[in-house]
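As structure tokens, the structure follows; a few thoughts come after it.
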Amino acid sequence: MRNLVIDIGNTRIKSAIFEKNELIGDHSFEEMDSALSFWKTMEFESCLVSSVRYSQEELAVAIPFRFHFLTHSMQLPLVNGYATPKTLGLDRIAAAIGAWHLAGKKPVLAIDLGSCITFEFVDELAVYRGGAISPGLKMRSQAMNSFTARLPIVEITQKPSNPTGDSTVSCMQAGIWYGVEYEMVGQIEAYRLKIPEIKVYICGGDSQSFESLAKDHIFVVPNLVLHGLNCILNHNVE
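In our numbering, the protein residues as written are 2 to 239.
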């Protein structure tokens with residue numbers, strides 16, 4: 002069974018073709034027109050769309066093929082143990098499901114490095130328990146600029162060579178970068194103390210910048226959300 006899964010975010014549109022659970026290829030678009038032109042050339046049997054930008058009704062007019070639309074009422078392949086499930090971002094649960102499936106349906110921590118950093122935990126009973134949310138790299142820079150009189154907005158394109166900065170800019174860069182890295186390492190180790198066999202999957206726009214964290218139990222999978230959407234789609238069409 003060949004699936005098309007589509008994730009429409011605030012700034013970019015991502016999609017992927019899966020053959021059952023195997024990723025065939027993924028693509029990213031800035032505009033809906035270019036995405037539609039590409040999707041029309043693809044052959045697939047089922048489609049799932051997740052969107053924060055357009056409603057299901059708007060997409061039904063724009064997309065010339067049948068699709069499933071991800072909502073909070075859609076059946077999931079695991080139990081959602083979140084206390085307020087209707088407030089849970091659908092990208093968060095998709096990332097958690099993608100990581101859980103890639104981990105062989107065993108305990109997993111999914112970390113999404115986007116505008117915010119989200120930590121998603123699925124336990125050994127296949128129950129999504131929630132996690133944590135904190136500011137991402139750019140948000141930390143913007144916050145220091147907004148809430149102080151003289152600190153600038155700094156760009157961070159790579160890991161600072163030293164955690165000790167020697168100028169205001171380099172101090173901010175070091176504080177932001179290593180703050181995120183140490184936060185991730187601390188969260189991972191806290192979970193590993195309780196569940197030594199837990200696996201960790203890192204995704205999101207800034208994930209490849211932290212590939213140095215990858216090791217035997219930590220994996221960097223930038224398109225983790227698409228894997229989760231495919232898993233949800235398979236669960237609903239099989």
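Backbone N, C-alpha and C fix where the C-beta goes; we use that ideal spot for every residue, glycine too.
Query raised in the report: Can you check whether the CB of E125 is closer than 8 Å to the CB of G132?
Result: Here the question's residue 132 lines up with position 131 in the sequence shown. Here the question's residue 125 lines up with position 124 in the sequence shown. Not in contact: G132 and E125 (Cβ atoms no closer than 8 Å).
Query raised in the report: Going by the beta-carbon positions, is the gap between R13 and F30 smaller than 8 Å?
Result: Indexing the sequence shown from 1 puts residue 13 at position 12. Indexing the sequence shown from 1 puts residue 30 at position 29. Taking 8 Å as the Cβ cut-off, R13 and F30 qualify as a contacting pair.
Query - Proximity winner among V62, A63, A100 and M33, relative to A22 (alpha-carbon distances) - result: Walking along the sequence shown from the start, residue 22 turns up at place 21. The sequence given here places Asn at residue 22; Ala does not occur at that position. That would be A100, whose Cα lies nearest to the Cα of N22.
Query raised in the report: Nearest to A111 by CA position, among L103, H102, G105 and A96, is which residue?
Result: Taking the sequence shown and counting its residues from 1, one reaches residue 111 at position 110. Cα-wise, what sits closest to A111 is A96.
Query raised in the report: How about N231 and V6: are their beta carbons less than 8 Å apart?
Result: Within the sequence shown, numbered from 1, the residue matching residue 231 stands at position 230. Within the sequence shown, numbered from 1, the residue matching residue 6 stands at position 5. Cβ atoms of N231 and V6: closer than 8 Å.
Query - Exposure of S210, with buried meaning 16 or more beta-carbon neighbours within 10 Å - result: Position 209 of the sequence shown, counted from the first residue, corresponds to residue 210. S210 is buried by the Cβ-count criterion.
Query - Buried/exposed call for I25, threshold 16 Cβ in 10 Å - result: The sequence position of residue 25 within the sequence shown is 24, counting from 1. Label assigned to I25: exposed.
Query raised in the report: Hey, is the segment 58-74 in contact with the segment 176-195, meaning 3+ C-beta pairs nearer than 8 Å?
Result: no
Query - Contacting residues, own chain, Cβ-Cβ under 7 Å from Q143 (five flanking each side not counted) - result: The residue given as residue 143 occupies position 142 in the sequence shown. Answer for Q143: I154, listed in chain order.
Query raised in the report: Taking the continuous alpha helix (DSSP H) assigned at V62, which residues delimit it?
Result: For the purposes of this step, residue 62 is taken as the residue at position 61 of the sequence shown. Run containing V62: Q57 to A63, per the alpha helix (DSSP H) assignment.
Report task. Indicate whether Y129 and V80 have their beta-carbon atoms separated by less than 8 Å. Result -> Walking along the sequence shown from the start, residue 129 turns up at place 128. Walking along the sequence shown from the start, residue 80 turns up at place 79. A contact, by the Cβ cut-off of 8 Å.
Requested in this report: Hey, could you find the ends of the alpha helix (DSSP H) F39 is sitting in?
Outcome: If you number the sequence shown from 1, residue 39 lands on position 38. From DSSP, the alpha helix (DSSP H) with F39 extends over M33 to W40.
Query raised in the report: Do I94 and S52 have their C-beta atoms closer together than 8 Å?
Result: Numbered from its first residue, the sequence shown carries residue 94 at position 93. Numbered from its first residue, the sequence shown carries residue 52 at position 51. In this structure, S52 does not lie closer than 8 Å to I94 by Cβ.
Requested in this report: State the start and end residues of the unbroken beta strand (DSSP E) segment that holds A133.
Outcome: Stepping through the sequence shown from its first residue, residue 133 is reached at position 132. Where A133 is concerned, the enclosing beta strand (DSSP E) stretches over V128 to P136.
**Report entry** Same chain only: Cβ atoms within 6 Å of V222, ignoring 5 sequence neighbours per side
**Finding:** By one-based count along the sequence shown, residue 222 stands at place 221. For V222, where only same-chain residues beyond five positions count, the Cβ hits under 6 Å are Y202 and C204.
Query raised in the report: Based on the DSSP secondary-structure assignment, which residues constitute the bridge partners of E121?
Result: Counted from its first residue, the sequence shown places residue 121 at position 120. Answer is A111 and G132, bridged to E121.
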